[in-house]
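Structure record follows, encoded as structure tokens.
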Amino acid sequence: MKQNPKNRRKRNPANTGILVSTYIFLAVFLGLIGYMIYFQVVKADDVINNSYNKRQSILAEKIARGSIISADGNIIATTVEDENGKNVRYYPYNNLFAHVTGYINNGGYGLEASAGYYMLTSNQNLFEQIANDLSGEKNHGDNLITTLDSGLQQAAYDALGSDRGAVIITEPSTGKILAMVSKPDFNPNTIAADWSSVTAEGSDSVLINRATQGLYPPGSTFKIVTLLEYLRENPDNYKDYSYECKGSIDVSGKSISCSHGTVHGVQDTKMSFANSCNTSFINMGLTLNIDSYAKTAKDMLFNSELPVPMEYNKSQFVLDDKSSEWDIAQTAFGQGETLITPMHLSLITSAIANDGMLMTPYVMQKVESVNGLTVKTFKGEEYGKLLTADEAAILQEDMGAVVTTSFDWLFKDISYTVAGKSGTAQYGTQGYEHSFFTSFSPAEDAKISVTVLIEGGPQRTQSGAEAAKKIYDYYYSR
Amino acid sequence: MATILINLSKYILIFLMLFYTFFGFLMMRVKDADKLKRRAVVQNVIMFVIFTICSVTCMYYKWSVNTLVFFLLEFVYLILFIVLYRLIYLDCSIQIVNNMSMLMMLGFVMVERLAPSSAFKQFIIVLIGTVIGFFVPRFMRKRHVIVKMKYLFAVIGILMLGVTLVLGKTTWGAQISVDIAGFSFQPSEFVKLIYVLFVAAMLWRARTFGKVVASAAIAALHVLILVASNDLGTALIFFVVYIVMLYVGTGKIRYLIAGLLAGSGAAVFAYKVFSHVRTRVYAWRDPWSIIDKGGYQITQSLFAIGTGGLFGMGLYQGLPNTIPVAVKDFVFAAMSEEFGMIFAICVILICFSSYMSMMRVATRSRDIFYKLVAVGFSTMYIFQCFLTIGGVTKFIPSTGVTLPFVSYGGSSILCSILMFAIVQAVFILVKENEGDEAESKEPKKA
Numbered sequence: 001m002k003q004n005p006k007n008r009r010k011r012n013p014a015n016t017g018i019l020v021s022t023y024i025f026l027a028v029f030l031g032l033i034g035y036m037i038y039f040q041v042v043k044a045d046d047v048i049n050n051s052y053n054k055r056q057s058i059l060a061e062k063i064a065r066g067s068i069i070s071a072d073g074n075i076i077a078t079t080v081e082d083e084n085g086k087n088v089r090y091y092p093y094n095n096l097f098a099h100v101t102g103y104i105n106n107g108g109y110g111l112e113a114s115a116g117y118y119m120l121t122s123n124q125n126l127f128e129q130i131a132n133d134l135s136g137e138k139n140h141g142d143n144l145i146t147t148l149d150s151g152l153q154q155a156a157y158d159a160l161g162s163d164r165g166a167v168i169i170t171e172p173s174t175g176k177i178l179a180m181v182s183k184p185d186f187n188p189n190t191i192a193a194d195w196s197s198v199t200a201e202g203s204d205s206v207l208i209n210r211a212t213q214g215l216y217p218p219g220s221t222f223k224i225v226t227l228l229e230y231l232r233e234n235p236d237n238y239k240d241y242s243y244e245c246k247g248s249i250d251v252s253g254k255s256i257s258c259s260h261g262t263v264h265g266v267q268d269t270k271m272s273f274a275n276s277c278n279t280s281f282i283n284m285g286l287t288l289n290i291d292s293y294a295k296t297a298k299d300m301l302f303n304s305e306l307p308v309p310m311e312y313n314k315s316q317f318v319l320d321d322k323s324s325e326w327d328i329a330q331t332a333f334g335q336g337e338t339l340i341t342p343m344h345l346s347l348i349t350s351a352i353a354n355d356g357m358l359m360t361p362y363v364m365q366k367v368e369s370v371n372g373l374t375v376k377t378f379k380g381e382e383y384g385k386l387l388t389a390d391e392a393a394i395l396q397e398d399m400g401a402v403v404t405t406s407f408d409w410l411f412k413d414i415s416y417t418v419a420g421k422s423g424t425a426q427y428g429t430q431g432y433e434h435s436f437f438t439s440f441s442p443a444e445d446a447k448i449s450v451t452v453l454i455e456g457g458p459q460r461t462q463s464g465a466e467a468a469k470k471i472y473d474y475y476y477s478r
Numbered sequence: 001m002a003t004i005l006i007n008l009s010k011y012i013l014i015f016l017m018l019f020y021t022f023f024g025f026l027m028m029r030v031k032d033a034d035k036l037k038r039r040a041v042v043q044n045v046i047m048f049v050i051f052t053i054c055s056v057t058c059m060y061y062k063w064s065v066n067t068l069v070f071f072l073l074e075f076v077y078l079i080l081f082i083v084l085y086r087l088i089y090l091d092c093s094i095q096i097v098n099n100m101s102m103l104m105m106l107g108f109v110m111v112e113r114l115a116p117s118s119a120f121k122q123f124i125i126v127l128i129g130t131v132i133g134f135f136v137p138r139f140m141r142k143r144h145v146i147v148k149m150k151y152l153f154a155v156i157g158i159l160m161l162g163v164t165l166v167l168g169k170t171t172w173g174a175q176i177s178v179d180i181a182g183f184s185f186q187p188s189e190f191v192k193l194i195y196v197l198f199v200a201a202m203l204w205r206a207r208t209f210g211k212v213v214a215s216a217a218i219a220a221l222h223v224l225i226l227v228a229s230n231d232l233g234t235a236l237i238f239f240v241v242y243i244v245m246l247y248v249g250t251g252k253i254r255y256l257i258a259g260l261l262a263g264s265g266a267a268v269f270a271y272k273v274f275s276h277v278r279t280r281v282y283a284w285r286d287p288w289s290i291i292d293k294g295g296y297q298i299t300q301s302l303f304a305i306g307t308g309g310l311f312g313m314g315l316y317q318g319l320p321n322t323i324p325v326a327v328k329d330f331v332f333a334a335m336s337e338e339f340g341m342i343f344a345i346c347v348i349l350i351c352f353s354s355y356m357s358m359m360r361v362a363t364r365s366r367d368i369f370y371k372l373v374a375v376g377f378s379t380m381y382i383f384q385c386f387l388t389i390g391g392v393t394k395f396i397p398s399t400g401v402t403l404p405f406v407s408y409g410g411s412s413i414l415c416s417i418l419m420f421a422i423v424q425a426v427f428i429l430v431k432e433n434e435g436d437e438a439e440s441k442e443p444k445k446a
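Same order as they appear, the protein sequences are chains A and B. With the numbering used here, the residue at position 201 of the first sequence is 201, and numbering never jumps. With the numbering used here, the residue at position 166 of the second sequence is 166, and numbering never jumps.
Have a look at this one:
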């Protein structure tokens, strides 16, 4: 190698400093560029999927929105060309998945809105993308694989029949939402044209997802929370609890009676729960420490944000240390001002079924490029323990007793076991009742959880438990 | 058809930009002056092709005669700039001139794209800056005068920053500008220039501990006033520039380490004491939880960058104006959205290669004063690039500084042009000096 004599000269110390600082900045900039590439390749898809990002419509001009696909591979929503060659969204199942998939126009709703950017991002082969750009073709957006099971969705839809209400089916061990139905519903294929009629004053509010947004009095399903609080306050002697039900109880000078005036006789906690004995629960409720009761309700996510990946309403529990005896009594057996969404009830049941651990519910399973490459996988995440495994075990057993005691007439001659809790709550003055049933099966080791709400009214044809039975029959017959 | 052409131009722009960037790095190794000049012309041609494609696209989307006239004027300006600069600054660094014109060109395009009503003002300020720049070599020759004026520089600098702190109007939570005769003026940009001259004059000869302490105290005063004005970006720049100049000037690495430690301590202190510092850090750590408030700007910036992807949305195809002050501090995010990340990384590399060229000028200077001046301005430049790019990409907390030459902002542009002009002046002096040496050695050899 040729040696330049100048280079042999000892380097000026100041130049060493220049060299060192240049290398420091070089390292800093390499870090910056590396971070930017990491951001773009790994993080960007998640980051841009945000309602504050106003670029959906721009992306839609360049990218044909990807499909929404059920876990069993059926296309729920896809992009097709209409007769003018314009891209339009097509929903092969019409109303079936309406509230989960939602719609694009009129502000967007459901997965179409919340997962829009995934479907408007193309991870198609880069060369194909460039070729499409240059030929004026749109790129194919990525496909969204959901956790929805189209068989269960159909079964849930059919089970509701002509009734108004909602069904949520989940897998408690993972948090997967297997089915979600709300009725009355709408057809996403024609929603743009139907918009003014479905939003008109006095319409049936078909756009509302009753599963997550409908707030209903929980009725006797709230006894789950009251019982849990009683167990927490009496961990060692709850088994000694005994109360003689005479069919009614006086509270603040007024009489409250058990459903149909039934006299249940001597009851322990388990039988009180299995028989859904109102008077016994009022008796339990009036012994409770209200602050602690409110805290348990809070643990069960009342008055709290829910880890639900779609539009929802917060449930409400109103007792505090200023509440009257009457209000406490009403709340204890599920009346009063308590309100809950079917989704929230499903979360509580799922947590009980999963030994106390609530798995964050999710409906997006995977994002795949049109070439079939996995772009992103969503996994079940632990949200947190709502109750201890011991508490969950007691409630599991007691919910099993509900079905064998109070619903033996319905769940008879079946090859499977179910644990659950029903709840009916009167509303208005005409004696109409909403009917809840929240459950899991098998009772010993839950695989699925089914929560049903049937809205009360003159059109109501069945109870929540009856609809749930149809779903379990389908589930175990396939 | 038009969309296909626009899409095609998107890829052509990326390709040209990659070519320009890597060609620039290859040019660093070329020693032969004529060869270098020929290569420089290739770079210039690429730059003008990029400019033409961008301006045609702009006119396609927003046609007006004014825009056409305006782009033509800018085109002529860039040609004159490249030619005149070489004529007036005989022996200037060609790479620096080319990169400067490239970045200014991108600035013209981005201002036209994002804030067309400000484009004319931007252009006028570039013209003024260029003309002033032509006098810089004369001024820089007078080292003895500059060195004598050092305390005057310090007093002026501190006064100007102090006045801004007291009278300045608040923009985006920082007091950084004052209005003079209807023009919004950022004194800190001007102070940047005299600050580097001051530090160089303090450190170039007497490197006693006493001198170091005196210079450090005065530099610290600058930084403190800036922190109090909530101009955290500029405060950091002043701090880092001082530490690097001190290290290069004394050659003692312990000053560098002590400086960085002191800086970290001061940063923690500032975090604890000033709520506006904490606000920036919160907005950086988790902007999503305060997306309506403190996190709005940075999240909008990330949406722009993320949606743009590697290849960009294409000029006029994105929504860069959803980012507040996109044309100033967040211009890099806007560029990344429409031109894509590959293009944006090329811009970073161009900035870095400009820095390397300037540091090279510093190594060649035998005169410690000029060496320090070149080191000071190169560091100032590259650190500012780092702050703005790192800030808009959420690599570091956002500090609200501009991207030199590209961002809109009169004071910023003016200061950037003069900074580069000063380094060019140093380069001219270095070359003269080397020429003298060569001449004085020549007879001995014979």
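The beta-carbon is built from N, C-alpha and C at its ideal position, and this holds for glycine as well.
According to DSSP, A/Leu227 shares a beta bridge with no other residue. By the 16-neighbour rule on beta-carbons within 10 angstroms, A/Glu455 is buried.
Flagged as an interface residue toward chain A: B/Tyr247, by a C-beta distance shorter than 7 Å. Not flagged as an interface residue toward chain A: B/Ile290, since no C-beta distance is shorter than 7 Å.
Residue state for B/Leu236 is assigned as helix, using DSSP reduced to three classes. Boundaries of the beta strand (DSSP E) around A/Phe440: Tyr432 to Ser441. Per the Cβ contact rule, the stretch 158-176 of chain A is in contact with the stretch 445-455 of chain A (3 or more Cβ pairs under 8 Å). Cβ-Cβ distances below 7 Å link B/Ser357 to Ser93, Gln95 and Ile96 in the same chain, with the five nearest sequence neighbours on each side left out; the list follows chain order.
The shortest CA-to-CA distance from B/Tyr20 to any of B/Arg38, B/Leu36, B/Gln43 and B/Val30 is the one to B/Gln43. For A/Phe186 against A/Leu160, the beta-carbon gap comes to about 15 Å, at or over 8 Å, which does not count as contact. Cβ neighbours of B/Ala421 within its own chain (closer than 7 Å, five residues either side excluded): Gly133 and Val136. In the DSSP assignment, A/Ala179 falls within the unbroken beta strand (DSSP E) covering Lys176 to Lys183. Taking a beta-carbon distance threshold of 7 Å, A/Tyr35 counts as an interface residue toward chain B. If you draw a straight line from the Cα of A/Glu128 to the Cα of A/Asn74, it comes to about 26 Å.
Within 10 angstroms of the beta-carbon of B/Arg38 lie fewer than 16 other beta-carbons, which makes it exposed.
None of the residues of the stretch 42-57 of chain B has a beta carbon lying less than 7 Å from any beta carbon of chain A.
Contact of A/Val375 with chain B by beta-carbon distance below 9 Å is absent, the smallest such distance being about 13 Å. Nearest Cα to A/Ser162 within the set A/Pro235, A/Tyr475, A/Gln462 and A/Asp473: A/Gln462.
From the beta-carbon of A/Leu144, no residue of chain B is found nearer than 9 Å; the closest lies around 18 Å away. Of the residues A/Ala465, A/Ala115 and A/Asn123, the one whose Cα lies closest to the Cα of A/Trp409 is A/Ala465. Within the stretch 99-130 of chain A, the residues whose Cβ lies closer than 7 Å to any Cβ of chain B are, in chain order, Ile130. As far as DSSP is concerned, A/Gly116 takes part in no beta bridge. Within the stretch 11-24 of chain B, the residues whose Cβ lies closer than 9 Å to some Cβ of chain A are Tyr11, listed in chain order. Distance from B/Val423 to B/Val347 at the Cβ level is roughly 20 Å; contact not present, criterion being Cβ atoms closer than 8 Å. A/Ile471 counts as buried, since no fewer than 16 other beta carbons sit within 10 angstroms of its beta carbon. Just measuring C-alpha positions, the residue of B/Ile128, B/Gly129, B/Leu78 and B/Tyr89 sitting nearest B/Val109 is B/Leu78. In the three-state scheme derived from DSSP, where H, G and I count as helix and E and B as strand, B/Lys121 is classed as helix. Interface flag for A/Ser324 against chain B is unset, since no Cβ pair is found closer than 7 Å. For B/Asn7, the neighbours in chain A by C-beta distance under 7 Å run, in chain order, Asp133 and Leu134. In the DSSP assignment, B/Ile146 falls within the alpha helix (DSSP H) that extends over Arg143 to Lys148. Separation of A/Glu229 and A/Ser255 (C-alpha to C-alpha, rounded to the nearest whole angstrom) is 24 Å.
For B/Thr388 against B/Val244, the beta-carbon gap comes to about 18 Å, at or over 8 Å, which does not count as contact. Measuring C-alpha to C-alpha distances from A/Asp413 to each of A/Lys469, A/Ala389 and A/Glu444 identifies A/Lys469 as the nearest. Leaving aside the five residues that flank A/Pro442 on each side, the residues in its chain whose CB is nearer than 7 Å to its CB run, in chain order, Tyr416 and Thr417. In this structure, B/Phe269 lies away from B/Gly312, with their beta-carbon atoms at least 7 Å apart. With a contact defined as Cβ atoms closer than 8 Å, B/Gly409 and B/Thr402 qualify at about 5 Å.
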